[in-house]
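Reminder that position 200 of the sequence shown reads as 297 in the numbering used here, one-by-one numbering, no gaps. All C-beta atoms in this analysis are idealised placements derived from N, C-alpha and C, irrespective of residue type, glycine included. Given the structure is predicted, the values throughout are model-derived calculations rather than measurements.
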Amino acid sequence: MSQQSLKQRIWLEAFTTDLLSFIPSLTFFMGSDVETLEKSLNFYRTVFGVDDASLQSLAKDWGMSVDQLKAKMKSPNVFETTKKETNVYVKELYYLKLYFVDMVTDDANALLKEISHPYLHTHTHTICTYSSSYTPPNEDHGYLESSFTAYFKTIATENKIVSQETINLIEFHLKRGNIYGANSVINATLKNIDDIPINIAVTGESGAGKSSFINAVRGVGHEDEGAAEVGIVETTMERTPYKHPKIKTLTLWDMPGIGTIKFPPKDYLEKMKFQEYDFFIIISATRFTKLELDLAKAIRFMGKNYYFVRTKVDIDLDNEKKSKPRTFDRKKVLQQIQSYCENTFRQNNMDAPQIFLISNNDLSSYDFPVLMDTLTMDIPNEKRHNLMFSLPNITETAIDRKHKSMQQLIWLEAFKAGILANVPVASILRDDVKKLKEKLIHYRNLFGVDDESLAFMAKDFQMPVGQLKKLIKSPDLLETKEEETLEGKLLKYLKTSLSANGGLLGLDLYFLKDFYLQFYFIDAITEDAKVLLQATCSNKLVQTQPTHSY
């Protein structure tokens, strides 16, 4: 992440909260402000490789003390300055962040100059050896960068879970042979992917199907624990959060319809804390009102995305088929619904956006798959992985995208661990097996082929769980027969995975056996998810409408 990129991000945050209109000279900071600033400073130091952990590694590699390095830097001591010294620079939160970025950039440049200083190289080569965290410029580690670059070139832009800026920064460290620096950035990136919250606002008139939509997206039945109540007349003026059962960082917010609150759209957004949401889903079961269109304008003006969703199209089709059985034309009816919604925008002098026609009872039909693709493409890279895994397995494309996303995560974990040696096809220890079992359970859960999901699926489609288990392979990946050992079975998987994935790594870059086995697991689980999708969609197996999404 570059200095300019961070500055742009900070300035956008400042504009969002109107902090740039006036800077009061006598503002004092609350404890929470200082805590926020410390977190920002620590993040910037980590991104630029000047955090304490990086300094300790650099000091060890160069035969210097950490204090010697810190003496050339400013950022470690920023919170030790007096109030008078701090006031010289800035008074406001976001100006301090800009100041931190400048300071950390200077620190990174100072360390870079120190690395290149001939005196340092002359006096350290006799007292220390270079470790993997730093390699002299003349040592050839270009294969690391080329292998990393080659892998991410195989990933389509819309599927990447890491921003191009982060990829460039990792490549920069790898090109210089600074493995520790690359791992530091990857570690921060993985933590961000795991921890960053995703908040989705769902708004619309009472009875439009908001609760059913929220339940369907989360794969929760209407009678399950934690389900949004369906068919209840909206009386609350407050937003209601619903956590995703598998992706704990993702929350869908049921918002009171703007028509139920006598506020202008701008005031509605402020009361509903619009700045907390990644995007808005605006739902209607008929046509969108002028208030909802005005709300969309306000959302766009404030720099957020919105998506118009027309629900209950299955009911419209059924009604039309019953009333006009001889002339019923499904495609024509759907087009009429689309045109009816678009006319509302034209009548209000707005360009009609894409309107997604869906049924909360049948997500695989109509436009819900298109909506899924649109949301995952529009959301920032670091949030894409968790959003993707929060969505149901309703198409093979969705399953494949999850597969690609999980592959990237495993790659990044491998790089973070600094696993750069050839894979030793040796014994597999008991601890290895325990970790692999945990990973296998985790992957089955994410892809919706775990035992609980199979039980729900069997109930929905009125078939024995055993019949579904016969179709898939992942439950038996770590089960052995009498004539084979678990070690032998895993080594066989390892050989298969090396053959399939070795080309992706390029040149001499290989990872430890655990990561190749994880690749093998997600390949098998992805196939299981596809097999189950095909089975449950076939006419032989589908007997009732499902109430869960997987």
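* Asked: Among Ser436, Thr623, Phe377 and Pro342, which one has its Cα closest to the Cα of Pro353?
  -> Taking the Cα of Pro353 as reference, the smallest distance to any Cα among Ser436, Thr623, Phe377 and Pro342 is reached at Phe377.
* **8 Å Cβ cutoff met for Leu392 and Tyr365** => Going by C-beta atoms, Leu392 is nearer than 8 Å to Tyr365.
* **For Arg407: DSSP bridge partner residues** => For Arg407, which the question treats as bridged, DSSP gives the partners Ser381 and Leu454.
* Answer with buried or exposed for Ala298, where buried requires no fewer than 16 other C-beta atoms within 10 angstroms of its C-beta. => A buried status is given to Ala298, since no fewer than 16 other beta-carbon atoms sit within 10 Å of its beta-carbon.
* Asked: Roughly how many angstroms separate the alpha carbons of Ser162 and Thr346, rounded to a whole number?
  -> Going from the Cα of Ser162 to the Cα of Thr346 covers about 40 Å.
* Is it the case that the Cβ atoms of Leu271 and Phe245 are separated by a distance below 8 Å? -> Yes, these two residues count as a Cβ contact at 8 Å.
* Asked: Can you name the residues that DSSP bridges to Ile295?
  -> According to DSSP, residue pairing for Ile295 in a beta bridge involves Leu347.
* To do: Quick one: using the 10 Å Cβ neighbour count with 16 as the cut-off for buried, is Thr425 buried or exposed?
  => Note that residue 425 corresponds to Phe in the displayed sequence, not to Thr. Note on Phe425: under 16 other CB atoms within 10 angstroms of its CB, so exposed under the neighbour-count rule.
* Where does Arg658 land, buried or exposed, given buried means 16+ other C-beta within 10 angstroms? -> Residue 658 lies beyond the range of the chain shown here (98 to 647); nothing can be said about it.
* Where do the N-terminal and C-terminal ends of the alpha helix (DSSP H) with Pro466 fall, by residue? -> Under the DSSP assignment, Pro466 falls in the alpha helix (DSSP H) whose first and last residues are Phe465 to Asp475.
* Taking Asn478 as the reference, give the member of Glu493, Leu287 and Lys387 with the closest Cα. => Per the Cα distances, Leu287.
* State the start and end residues of the unbroken alpha helix (DSSP H) segment that holds Tyr437. => Membership of Tyr437 in the alpha helix (DSSP H) is indicated by the continuous run Arg427 to Gln444.
* C-alpha distance - Thr348 paired with Glu576, whole-angstrom precision -> Put simply, the backbone Cα of Thr348 is about 36 Å away from that of Glu576.
* Asked: Asp470: beta carbon under 7 Å from a heavy atom of the ligand ATP?
  -> This structure simply doesn't include the ligand ATP, nor any ligand for that matter.
* Asked: If we count the other Cβ atoms within 10 Å of its Cβ and call it buried at 16 or more, is Gln655 buried or exposed?
  -> Limits of the chain in this structure are 98 at one end and 647 at the other, which puts residue 655 out of reach.
* To do: Sort Pro362, Gln261 and Ala325 by Cα distance to Trp350 and report the nearest one.
  => Comparing Cα positions, the closest option is Ala325.
* Range of the contiguous beta strand (DSSP E) that encloses Lys257 -> Looking at the DSSP string, Lys257 is not in any beta strand (DSSP E), and its letter there is neither H nor E.
* Who are Gly301's beta bridge partners in DSSP? -> Answer by DSSP bridge pairing, in chain order: Ile380.
* To do: Could you please give me the residues that DSSP links to Pro338 through a beta bridge?
  => Per DSSP, Trp350.
* Asked: Any idea what DSSP makes of Asn402, helix, strand or coil?
  -> In the structure shown, Asn402 sits in a strand (DSSP, three-state: E or B).
* **Alpha carbon of Tyr339 to alpha carbon of Lys401, nearest angstrom** => Straight across, the Cα-Cα distance linking Tyr339 with Lys401 is about 21 Å.
* Roughly how many angstroms lie between the CA atoms of Arg541 and Lys419, to the nearest whole one? -> Computed Cα separation, rounded: 42 Å.
* What's the C-alpha gap between Tyr437 and Asp148? -> Each residue's alpha carbon lies about 57 Å from the other.
* Asked: When burial is assigned at 16 or more other CB atoms within 10 Å of the CB, is Asp557 buried or exposed?
  -> In summary, Asp557 is buried, with 16 or more beta-carbon neighbours lying within 10 Å of its beta-carbon over all protein chains present.
* Asked: So Pro362 is in the alpha helix (DSSP H); what residue range does that whole segment cover?
  -> In the DSSP assignment, Pro362 falls within the alpha helix (DSSP H) that extends over Pro362 to Lys368.
* Asked: How is Ser571 classed by DSSP in three states: helix, strand or coil?
  -> DSSP places Ser571 in the helix class (H, G or I) of the three-state scheme.
* Cβ contact (3+ pairs, closer than 8 Å) linking the stretch 302-310 and the stretch 482-499 -> With the rule of 3 Cβ pairs closer than 8 Å, the stretch 302-310 does not count as touching the stretch 482-499.
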